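Structure below.
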């Protein structure tokens, strides 16, 4: 009767080790993903903690804090005077005007994502068919990545314009002349 190899018995002890390694890899991937999101949007506020209150029986329960009122800014018209710079668009950074000129000229755009479809998954813009909205990067000085600032246009050619400086958390609509008009 041949003797069996003892290596089979050792493989059973490897399973917990493989599980621990897999969990460490998953945990490391999660931390890396969180870190890259923070690096992509450093202006994001820290997590809000929920205060605990005690009940007469001594138990504690969490109560959510009331949300601050959200201001819904009205569209600000932006019409270019003779100088080519839009008027009435004080909220737009200077770099947004460069992006608008690139959009009007059809590019070339500095980032491969520019001109790509903006999905509006959070529904912060009016509902439209997929492909209606396009996104473009607005440069942020001193950043070596795309940053959080974008212009989102609607229609082909663009008919509506939105600006966000907080990576799609909020938008401000502004007017811009149609392509081909002075």
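Numbering (this note's numbering), first residue to last: 52 to 233.
Note that the Cβ used here is the ideal one computed from N, Cα and C, for glycine as well.
These numbers come from a predicted model, not from an experiment.
| field | Sub-8 Å separation of residue 169 and residue 203 beta-carbons | value | yes
| field | Rounded C-alpha distance that separates residue 209 from residue 69 | value | 54 Å
| message | Can you give me the C-alpha to C-alpha distance between residue 147 and residue 153, rounded to a whole angstrom? | response | 10 Å
| request: Specify, as a first and last residue, the run of the alpha helix (DSSP H) that residue 191 falls within. | output: Counting along the chain, residue 191 falls outside any alpha helix (DSSP H), and DSSP gives it neither H nor E.
| Mapping DSSP to helix, strand and coil, what is residue 163? | DSSP places residue 163 in coil when its eight states are reduced to three.
| Whose CA, out of 193, 194, 188, 206, lies closest to the CA of residue 215? | 188
| request: Report yes if the C-beta distance between residue 164 and residue 205 is below 8 Å; otherwise report no. | output: no
| message | I'd like the list of long-range same chain contacts for residue 149, defined as Cβ closer than 6 Å, with 5 residues on each side in sequence excluded. | response | none
| On the three-state DSSP scale, how would you describe residue 173? | coil
| Buried/exposed call for residue 77, threshold 16 Cβ in 10 Å | exposed
| Using DSSP with H/G/I as helix, E/B as strand and the rest coil, what is residue 157? | coil
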